Amino acid sequence: MTRDYAVIVPDMIANLTSFFISSRFQKQPIYEALAIRMAFICPSYSTRDESSQRTVAKIMRKSPPMLSSQMRVEEAVEQTRSGPFRIWPVATRDTFSES
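Letter 14 of the sequence shown, counting from 1, is numbered 86 in the working numbering, and no numbers are missing.
Following this line, the structure appears as structure tokens:
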């Protein structure tokens, strides 16, 4: 902010001093104390169970097949009726040739 490097050392000393004073008087970090006060409970590292964590691989689904923009409506309805998807991408002939 001041563009003066002579301020860095006093600033670091002030930050370390305030950190040690605050950690001495308040054992719980301020953001955790505020979260508990507002009844917002975040799991800590010790209470977090990794087996219950969601991963992308667990919730990922295959993408639906693309429908051609040249396809007749009846064909599209027949093809979409049998699948588990609710959204169907429609591509032009140029897009089909790229994939």
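We put the beta carbon where it would ideally sit given N, CA and C, even for glycine. Bear in mind that the values here come from a model prediction, so they are computed numbers and not experimental data.
Taking the alpha carbon of A163 as the reference point, which residue from V149, F97, S141 has its own alpha carbon closest?
Taking the first residue of the sequence shown as 1, we reach residue 163 at position 91. The shortest Cα separation from A163 among V149, F97, S141 belongs to S141.
Segment limits, alpha helix (DSSP H) that includes R96
The count along the sequence shown starts at 1 and reaches residue 96 at position 24. 80-97 is the span of the alpha helix (DSSP H), which, as asked, contains R96.
With a cut-off of 8 Å, do at least 3 Cβ pairs link the region 149-161 to the region 128-137?
In short, these stretches touch, since the Cβ pair count reaches three.
Taking only the alpha-carbon atoms, compute the straight-line gap between K99 and M84 and give it to the nearest angstrom.
The residue given as residue 99 occupies position 27 in the sequence shown. The residue given as residue 84 occupies position 12 in the sequence shown. Here the C-alpha atom of K99 lies approximately 22 Å from the C-alpha atom of M84.
Go to I102, then tell me how far its alpha helix (DSSP H) extends in each direction, as first and last residue.
Numbered from its first residue, the sequence shown carries residue 102 at position 30. For I102, the enclosing alpha helix (DSSP H) stretches over residues 102-109.
Can you confirm whether M132, when its beta carbon is compared against all beta carbons of chain D, has any partner nearer than 8 Å?
Going by chain labels, chain D is absent from the structure shown, which holds only one protein chain.
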